[in-house]
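Here's the structure, in structure tokens; my notes come after.
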Amino acid sequence: MFDNLSYKLDRAFKTLKGQGQITEVNVATTVKEIRRALVDADVNFKVAKEVTDKIKQEALGRDVLISVSPGQLLIKITQEELSKMMGEKQEDINIQGSPSTILISGLQGSGKTTFTGKLANRLKKQGKQVLVAACDIYRPAAIDQLKVLGEQIGVEVYAEPDNKNAVEIAGNAIKYAKNNGKSVVIIDTAGRLAVDETMMQEIEALKKALNPSETLFVVDSMTGQDAVNTAKTFNERLNFDGV
């Protein structure tokens with residue numbers, strides 16, 4: 001996907017080859033090709049339009065040095081705007097509370113459990129005493145998967161296989177963490193669909209009961225343009241802190 005995007009962006013910039021100055025016409029033509037390349041790469045159309053509108057505005061508003069070609073300028077501006085779109089700086093996980101609680105949410109099959117393991121491993125390497133709580137009460141293999149991951153990275157996993165109340169399991173996990181010197185509890189939840197009202201109510205109940213320091217939404221990078229709509233739907237219910 002990225003190779004194809006790179007190829008199409010390169011082709012878009014070639015429309016400026018040999019042109020001596022920035023004009024509204026050549027910028028509009030190039031920006032149109034950039035937008036098409038982004039949409040073809042599964043970037044949401046609204047996002048692609050917003051980015052390319054900013055590129056156009058920046059390009060027409062800058063003075064071009066004699067030593068800089070229009071193509072070089074557009075490449076620089078495009079790189080800057082794409083970086084802004086992706087996030088210019090890395091935000092640290094908010095670790096507050098005793099213990100700090102991180103709620104993991106997302107669609108079915110989005111990789112939440114695997115992400116939970118990676119996050120637990122990262123926090124452990126930072127010196128945190130991590131506990132992972134298995135709160136997926138619908139998928140029997142979820143507990144086993146977490147335990148395998150926990151053993152691989154040396155992180156304890158809290159589970160109640162016979163308990164079918166996710167809120168209760170999470171609450172008990174936090175009590176266990178307090179009694180056993182854990183500084184961070186990561187709550188791995190069941191994958192759900194935004195249209196499944198019962199399961200959306202469950203994740204809302206978890207957030208209300210736990211008041212987590214971080215609520216994270218996990219999404220598969222291959223989801224494509226629908227990821228924006230899905231994230232928006234979840235965010236309206238959870239007001240999550242990061243993706």
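Numbering-wise, full-length UniProt numbering puts 111 at position 111 of the sequence shown, and it's gapless, one number per residue. Glycine included, every Cβ here is placed at the ideal spot set by N, Cα and C.
Figure out for me which residue from the options has the closest Cα to the Cα of residue i.
i, options, result
"D34", "E214, Q79, G61", "At residue 34 the sequence reads Ile, which differs from the Asp that was named. Of the listed residues, the one whose Cα sits closest to I34 is Q79."
"I153", "P70, K125, K164, K14", "K125"
"Q201", "G117, Q57, L146, V167", "V167"
"D53", "V27, N121, T233, L5", "V27"
"K84", "A41, V51, K182", "V51"
"T15", "I95, P70, E58", "P70"
"K164", "N180, L146, D144, Y138", "Y138"
"T30", "L73, I95, M199", "L73"
"I75", "R11, A48, K49, E24", "R11"
"T116", "V148, M86, V43", "V148"
"I95", "N211, A205, T198", "N211"
"K207", "N179, V39, F240, N180", "F240"
Can you find the residues in the same chain that come closer than 8 Å, C-beta to C-beta, to residue i, ignoring five residues on each side of it along the sequence?
i, result
"A173", "L131, A133, C135, Y158, V185, I187"
"A142", "T113, A134, D136, D188, A190"
"E58", "I77, E80, E81"
"K182", "P99, Q129, V130, L131, E156, Y176"
"K56", "V27, A28, V31"
"residue 253", "Nothing about residue 253 can be read from this structure; the chain reaches only from 1 to 243."
Please list, in chain order, all residues of the same chain as residue i whose beta carbon is under 6 Å from its beta carbon, the five residues on each side excluded.
i, result
"D162", "none"
"K8", "A37"
"V47", "none"
"E160", "I169"
For my contact list, residue i and residue j are in at a C-beta cut-off of 8 Å; report their separation, rounded to the angstrom.
i, j, result
"I102", "L60", "At roughly 44 Å, the Cβ-Cβ gap does not stay under 8 Å, so I102 and L60 are not in contact."
Is the beta carbon of residue i sitting closer than 9 Å to the one on residue j?
i, j, result
"F13", "S105", "no"
"L123", "I93", "yes"
"L146", "I203", "no"
"L107", "T215", "no"
"G127", "S213", "no"
"G171", "A120", "no"
Helix, strand or coil for residue i per DSSP?
i, result
"S105", "strand"
"D162", "coil"
"S83", "helix"
"F217", "strand"
"S100", "strand"
"T189", "strand"
"V27", "helix"
"A12", "helix"
"V184", "strand"
"A133", "strand"
"V167", "helix"
"V43", "coil"
"V157", "strand"
"Y176", "helix"
"residue 246", "Only positions 1 to 243 of the chain appear in this structure, which leaves residue 246 out of reach."
"Q126", "coil"
"Y7", "helix"
"I203", "helix"
"R237", "helix"
"P212", "coil"
Once you ignore the five residues that flank residue i on each side, which residues in its own chain have a CB closer than 7 Å to its CB?
i, result
"G150", "V132, E156, V157"
"L5", "A37, A41"
"E24", "L60"
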